[in-house]
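Working notes, structure below.
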Amino acid sequence: MATNDPTTQTLAQLGDGTPEKVVARFDGVRHEFDERAAGASSDPETWKSFVVQWTGRKSGVLSQITDNWLKPAPPELKKAVGQELNKLKAHVEAVLEEKCKQIEAGAEQAAAARGQIDLSLPGVEHAIGTRHLIYQTYQELERIFLSIGFSVVEGPEIETPYYNFEALNIPEHHPARDNMDTFYIHGARGGHLLRTHTSPMQIRTMEKEKPPVRIIVPGKVYRRDNPDSTHGYMFHQIEGLAVDADITFCDFKGTVEYFVREFLGPKAKTRLRPSYFPFTEPSAEVDATCHVCGGSGCRVCKFSGWIELFGAGMVDPAVYGFVKYDPEKLSGFAFGMGVDRLAMMKYGVTELPVLTQNDVRFLRQFP
Ligand SMILES: [Zn+2]
């Protein structure tokens, strides 16, 4: 008998015997089937041929037993052979079915291991971030100024002293330079620096564009401050500039009041205090009635009823000389807002560092 035969049992004939001997013969076949099924390869082709060896209609083991044992069996054994054959068939089919399930499960696992996608699996949820509070504030500021005809321009964070200082009417040795502790990139004052404000874009825009000019300039600025709860090396500004024929202080005041009402609510009132900036004349600090107490006094406004918003003023005519604008025919106003400060004030944030630490427990409070 060839080694690849499904069983070593003699299937050719049953011969004479007793029912006990019949049972023993079937036990032998079943025992061998169990052994071979347990050790059968799960390779699909090999498995298929194993199934055919046992259940194939023409020459499968079960068919051979039917033909060689059952059909020629003497009457006194026929019943025993029939019963044993049925039991063997049921056993073989049950074992083959179970083994089949195992092989299919193994094939699925192998497919998963190869990276094939199981469409029945639930999806993986990706956390979607939100806009940062600073970005939200920028968006709101831009919305307000875009609605009254301003456009947004951006400029370089690395500047020359000319654009950061001189053209803004801050000559060398001017005390205003000392107020803006500056990061100089090459160590010497003749080289480049990190802009200390967004005002250089006033000059760059007026150099390129003829009046009328109405721009806002969002961007990061840098100063050598000692970091604490309200100071850092970097902060966010938004610059504004409007230049045209016949822009008056009334236009300036009206624009400021419109902004304050849009940003803090329709009941907010505005107050201008005299101030000094080298590139505006006259200059003003813009205050608004406290948005928390409405002006009656509270901890946020230090019981004054007013909060300081930003600095502004009419463009100093000296600045126009640097950009070849005619100060006799043109006038305008400018302002520079600290966006971090406005965001902290409006949303009740007391610590500046949380704006850059990106702690999700903080960020989630401003969805
Ligand atoms: Zn208050």
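Quick note: the sequence shown uses the working numbering, first residue 304, plus one each step.
Heads up, the beta-carbon is just placed ideally off N, CA and C, and yes, glycines get one too.
Bear in mind that the values here come from a model prediction, so they are computed numbers and not experimental data.
Run through the region 383 to 466 for me and flag every whole alpha helix (DSSP H) of 4 or more residues, listed as ranges in chain order.
You should have 436 to 449.
Can we count Met598 as close to ligand 1, meaning its CB is less than 8 Å from some heavy atom?
Position check: residue 598 holds Gly in this sequence, whereas Met was assumed. Yes.
Taking the alpha helix (DSSP H) that Leu645 falls in, what are its first and last residues?
642 to 650 is the span of the alpha helix (DSSP H), which, as asked, contains Leu645.
What is the DSSP secondary structure of Gly557, counted as helix, strand or coil?
Residue state, collapsed to three classes: helix.
Looking only at its own chain, which residues have a Cβ that is under 6 Å from the Cβ of Ala615, when we skip the five neighbours before and after it?
So the qualifying residues of the chain are Ala587, Val589, Phe638.
Residues bridged to Glu611 by DSSP?
Asp590, per the DSSP bridge assignment.
Tell me, please, whether the region 411 to 418 touches the region 476 to 488 by the rule of three or more beta-carbon pairs shorter than 8 Å.
Not touching, per the Cβ criterion.
Looking at C-alpha atoms only, which residue of Gly651, Val663, Thr573, Met647 is the closest neighbour of Ile437?
When only C-alpha atoms are compared, the closest one is Met647.
Have a look at Asp549, Gly320, Tyr441, Asp346 and flag the residue whose alpha-carbon is nearest the alpha-carbon of Val618.
With distances taken between Cα atoms, Val618 lies closest to Asp549.
Per DSSP, Ala542 is paired with what?
The displayed chain sequence assigns Glu, not Ala, to residue 542. According to DSSP, Glu542 bridges with Val520, Gly639.
Let me check understanding here. Comparing Cα to Cα, which of Tyr579, Glu462, Val652, Ile406 lies closest to Phe613?
Here the closest residue by C-alpha is Tyr579.
Name the DSSP bridge partner or partners of Leu496?
Leu496 pairs with Glu462, Tyr487.
Among Gly635, Gly318, Glu654, whose alpha-carbon lies nearest the alpha-carbon of Arg644?
The residue with the shortest Cα to Cα distance from Arg644 is Glu654.
Keeping to the same chain, check which residues put their C-beta closer than 8 Å to that of Gly452; ignore five residues upstream and five downstream.
Result list for Gly452: Arg517, in chain order.
For Gly600, which residues from the same chain have a beta carbon less than 6 Å from its beta carbon, with the 5 sequence-adjacent residues on both sides left out?
Same-chain partners within the cutoff: Phe606, Gly608.
Can you tell me whether DSSP reads Gly600 as helix, strand or coil?
Residue state, collapsed to three classes: coil.
Using a Cβ-Cβ cutoff of less than 7 Å, which residues in the same chain neighbour Pro322 once the five nearest sequence positions on both sides are dropped?
Taken in chain order, the residues that qualify are Leu380, Ala383.
Could you tell me the distance, in whole angstroms, from the CA atom of Cys553 to the CA atom of Glu611?
Looking at the two C-alpha atoms, the distance is approximately 20 Å.
Do Val603 and ligand 1 come close, with the Cβ less than 8 Å from some heavy atom?
Under cutoff, so the answer is yes.
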